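So the protein sequences, as listed, match chains A and B.
To convert, note that position 32 of the first sequence is 172 in the numbering used here; the numbers rise steadily by one, no gaps.
To convert, note that position 53 of the second sequence is 55 in the numbering used here; the numbers rise steadily by one, no gaps.
Beta carbons are placed, not taken as given, at the ideal position from N, Cα and C, and that holds for glycine.
Only a predicted model underlies this, so the values are computations on that prediction, with no experimental measurement involved.
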Amino acid sequence: MKTTIQEQDGNLVAIFEGRLDTAAAPQCEQDLKPLNDCAGHDIVLDCTALDYISSSGLRLFLGVLKNAKPKGSHVFITGMNADLRNVFTMTGFINLFEFK
Amino acid sequence: MKALELQMTQKQFTSWRKSLQRRSTLAIIITAAVLIETTAVVQYLFARKGIREEVQHRAQSELHAKSLEIRNLMVEVETAVKNTAWVFENNFQRPDSLVGICEHLLQNTSTLIGCGLGFEANYYPQYGQWFEPYAIRQADGRFGRSQIGSATHDYLHSEWYIKAKEKDGGYWTEPYYDEAGARMMLCTYALPLHDSSGRTVAVIGADVSLDWLSQVINSKQIYPSSYNLMISREGQIMACPIESLVLKTNIQQATAKMKDTSVNTLNQNMLSGQRGQTVVTDDKGEKNYVFYAPVEGETGWSMAVVCSDHEIYYGLRQVGFNLLLLMLVGLALLGYIIARTVRGFNRLQEVNATKVSMENELNIASHIQMAMLPKIYPPYPDRQDIDIYGLQKPAKAVGGDIYDFYIRDEKLFFCIGDVSGKGVPSSLVMAVTRTLFRVASGHEAAPERIVTQINETISEGNESNMFVTLFVGVLDLPTGRLRYCNAGHDAPLLVGNGVESLPCVSNIPVGIMADWKYQPQETLVLPQTTIFLYTDGLTEAEDASHGQFGLQRVLDRTQQAWRANEQAPTLLLNNMNRAVSEFVDDAEQSDDLTMLAIQYTKQQQEVRLCKALTLPNDVQTIPQLAAFVDDICEALGFDMSTTMQMNLALEEAVVNVMSYAYPAGTKGDVHIEAQANDERLKFTITDSGAPFDPTAKDEIDTTLSAEDRPIGGLGIFLVREMMDSINYERVDGQNVLTLRKKLKATVKS
């Protein structure tokens with residue numbers, strides 16, 4: 141599992157690669173810390189290379205969203221495959237995020 | 003809004019109806035009043051007419067009687083005078099004897115007060131111009147004689163003398179006060195006398211006192227305040243109740259100042275000797291009826307009876323007034339009775355409406371109650387491991403028996419109960435109990451805790467002291483393990499290896515003691531065994547002679563069914579139902595009858611795949627689990643998508659166990675076993691930690707916004723979504739969590 145934060149076109153982009161399971165979650169949470177300081181930037185969670193996500197991962201996504209919303213930043217998700225999207229649909233998370 | 007409009011219409015209707023009632027009540031009262039009033043008026047008018055005729059009749063009789071009386075007196079005088087005339091005429095030659103004849107006439111005629119004989123002037127030259135011998139009846143009864151003709155008493159110019167002479171016949175004078183002779187009110191009857199050549203030479207003047215006239219006229223009135231009146235030919239008042247008017251004034255003068263001018267016509271009529279009646283209003287505004295008639299004979303007098311209208315109709319008015327009062331009271335009474343009747347009628351209508359609506363509501367209640375009970379059989383056509391059939395016959399429209407069952411997390415939750423009493427109150431408690439059963443069992447798999455929760459709620463504020471005998475069972479479908487708690491209900495029968503009663507400890511029914519500790523029991527139900535539950539409506543079903551069906555018959559019938567291998571729920575219950583119906587026959591059903599049969603029909607299948615993995619309680623070992631799951635999914639030929647779902651479900655379930663089963667910092671193992679047969683894949687996750695039932699958690703709300711979303715609870719939700727069933731059991735000090743996925747469905751998706 142690898143998480144990279146980049147700045148592209150004024151947006152903060154988090155790129156996920158591999159399996160975001162419970163074991164990987166603590167490290168990923170550390171990697172996402174820079175997103176806390178997102179004032180003035182929208183956040184893009186790039187899931188193109190994300191193979192798997194469990195509820196621990198969903199919690200991290202929810203954490204990013206809860207942090208960004210009060211600062212006026214939008215959180216977009218891009219490149220998510222159908223299976224993961226299905227998980228988002230099931231849990232109702234699809235209603236919380238904006239998809240690109 | 004619709005409802006509000008409807009309500010308004012209802013209100014308007016009610017007020018309209020009320021005003022209609024008020025108006026019709028008023029109409030009835032008014033009609034009655036008009037009828038009664040009209041009757042009263044007609045009656046009054048008739049009575050008035052009758053009274054008037056009566057008064058008229060009485061007045062005329064009175065007039066006639068008085069007239070006759072007066073006439074008699076007059077005739078007596080006239081006759082006496084006429085009969086004595088020839089005696090005078092024969093004694094003209096002896097003028098000294100004449101006064102004696104006068105006295106004789108007085109002696110013979112008691113009504114005469116005095117009698118004189120006035121001769122024409124100088125008839126006896128020796129006596130001069132005036133000669134009138136006169137006899138008078140004195141106050142002491144003796145008679146006085148005198149010659150009263152003189153210059154001061156010039157009778158030659160007196161009315162009596164002149165008129166009698168002119169008329170040459172009997173003549174009654176106007177009443178007058180005689181100052182010369184009798185010194186009282188007099189009236190004189192004058193009769194001319196003739197000498198042998200037929201020339202009129204003298205006139206007899208017979209004086210009649212009017213005192214008796216007043217007596218006759220004023221005596222005996224037809225009404226207390228009515229009075230009689232007599233006037234002379236010239237209108238002189240001869241008799242009336244006011245003494246001062248008598249002979250002092252004439253009728254025209256007396257009535258001159260009256261406002262009602264009809265009195266003038268009356269006077270004229272009376273003076274001209276007519277008879278009749280009229281109404282005169284006096285100055286006080288009071289109407290007076292005057293009946294008048296002339297006195298027969300030569301006097302020319304006229305008599306009248308005067309009665310006041312007030313007095314004539316006094317009695318009638320009194321009666322009328324009383325009638326009016328009575329009528330008002332009657333009307334008030336009528337109004338009251340109508341109002342009461344209407345109110346009574348309204349209440350009757352309301353009561354009827356309420357009764358109808360109550361019956362409707364009872365029907366609805368019955369339907370709702372029936373709808374609460376499971377009624378589609380077989381309830382789980384897709385399942386091979388369970389067969390259930392239930393029957394209920396309520397004694398009244400709605401019953402107090404309850405039974406229910408449903409499957410959650412591969413466990414069959416079922417209950418049967420009997421609420422004390424029958425009818426609506428029992429059915430309400432039944433409905434509450436059924437709801438409580440669903441609520442409690444929704445997050446609780448231990449039957450004793452389900453019963454305890456139901457008991458606490460029902461006992462709380464149980465003022466009607468209703469109680470429920472209740473049997474709650476939880477059959478673990480994968481294993482056939484039956485946990486149950488019996489709160490005072492009839493022990494169910496197990497029909498498998500023979501027929502046996504399920505052993506039950508004596509717990510008290512729910513609703514009696516809020517803090518009772520209900521004891522759980524446990525047994526293993528072997529495949530093909532039927533659990534037969536019933537309420538006492540079965541054992542206590544009565545025939546016409548109040549004999550009871552009894553437990554022995556139930557056991558016998560069940561034995562028969564078992565021997566005939568007919569313990570399948572539908573067969574068993576229909577048999578039992580037939581038996582009890584035959585027994586009861588035509589007798590009225592005395593109690594609710596409920597039966598429920600549950601057959602455990604699980605068939606063991608050949609295991610195709612079996613793998614196991616043991617992990618420490620460390621989430622960092624999750625990738626090992628992922629590899630394990632991937633292997634199994636690959637072996638079963640799952641696609642990528644399903645494999646990911648299995649991974650997700652297993653990770654969530656195992657992480658849950660790792661996080662909660664062991665206290666923080668302590669080490670423990672989590673054992674994962676995967677088994678697959680031709681039908682389904684089963685994961686069994688076992689740990690030795692503290693009892694923890696992840697299925698007992700409430701479901702999360704996936705529609706909440708990000709801010710309101712709780713962080714926890716997602717894991718088990720995802721497991722439920724990914725797997726066909728999740729099932730928790732605490733077995734031998736271990737938590738056993740079983741996840742199942744059907745293979746066919748998996749391959750298809």
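- From the beta-carbon of V738/B, no residue of chain A is found nearer than 8 Å; the closest lies around 22 Å away.
- Within the stretch 177-205 of chain A, the residues whose Cβ lies closer than 7 Å to any Cβ of chain B are, in chain order, Y192, S194, S195, L198, R199, L202, L205.
- Residues of the same chain with a CB within less than 8 Å of the CB of D632/B, apart from the 5 flanking positions on each side, are T645, N649 in chain order.
- With fewer than 16 neighbouring CB atoms inside 10 Å of its own CB, H59/B falls in the exposed class.
- Closest in alpha carbon position to L193/B, among G200/B, S199/B, A204/B, M187/B, is A204/B.
- Leaving aside the five residues that flank E608/B on each side, the residues in its chain whose CB is nearer than 8 Å to its CB run, in chain order, N679, D680.
- For S310/B, the secondary structure class from DSSP, reduced to helix, strand or coil, is strand.
- Here M305/B carries a strand assignment [DSSP, helix/strand/coil].
- In terms of beta-carbon proximity, G717/B lines the interface with chain A, with at least one pair separated by less than 8 Å.
- Chain B places no beta carbon closer than 8 Å to that of D171/A, leaving this residue out of the contacts.
- Taking C-beta separations shorter than 6 Å and ignoring five residues to either side along the sequence, the partners of E134/B in its chain run G118, G120, I150, G151, Y157, following chain order.
- Secondary structure at Y664/B: coil, using DSSP grouped into helix, strand and coil.
- Residue contact with chain A for N649/B: present (Cβ-Cβ distance below 8 Å to some residue of chain A).
- Residues of the stretch 609-638 of chain B with a C-beta less than 8 Å from any C-beta of chain A: V621, Q622, T623, I624, P625, A628, listed in chain order.
- Cα atoms of R565/B and R483/B: separation of roughly 25 Å, rounded to the nearest angstrom.
- Secondary structure of M230/A (DSSP, three-state): helix.
- Here DSSP, grouped into helix, strand and coil, assigns H159/B to helix.
- One thing to note: T596/B has its Cβ no nearer than 8 Å to the Cβ of Q371/B.
- Interface flag for L720/B against chain A is set, since a Cβ pair is found closer than 8 Å.
- Scanning chain B for C-beta atoms nearer than 8 Å to the C-beta of T162/A yields V621, I624, E653, V657, reported in chain order.
- Less than 8 Å separates the beta-carbon of K68/B from that of V218/B.
- Assignment of D671/B by DSSP, reduced to helix, strand and coil, places it in the strand class.
- With distances taken between CA atoms, R199/A lies nearest to E654/B out of Y664/B, E654/B, G691/B.
- Taken through DSSP and simplified to helix, strand or coil, Y316/B comes out as helix.
- Taking 8 Å as the cut-off, the beta carbon of D213/B is found closer than this to the beta carbon of M186/B.
- Each residue's CA atom was taken as its position, placing V497/B and T560/B some 8 Å apart.
- The beta carbons of I728/B and V721/B sit about 6 Å from each other, so the pair counts as a contact at 8 Å.
- Fewer than three pairs of CB atoms, one per stretch, sit closer than 8 Å, so the stretch 173-180 of chain B makes no contact with the stretch 126-140 of chain B.
- Spanning the alpha carbons of P166/A and F239/A requires a straight line of approximately 25 Å.
- Distances from the alpha-carbon of Y291/B to those of A448/B, Q62/B, L333/B, A489/B put Q62/B closest.
- In the structure shown, the three-state DSSP call for A581/B is helix.
- The closest CA to that of A663/B, considering only P226/B, L638/B, Q677/B, D689/B, is found on D689/B.
- Of the candidates I510/B, I687/B, Q386/B, Q386/B places its Cα closest to the Cα of I600/B.
- Residue-level contact by beta carbon fails for E590/B and chain A, as no gap is shorter than 8 Å.
- Chain A places no beta carbon closer than 8 Å to that of S727/B, leaving this residue out of the contacts.
- At a cut-off of 8 Å between beta-carbon atoms, E723/B makes contact with chain A.
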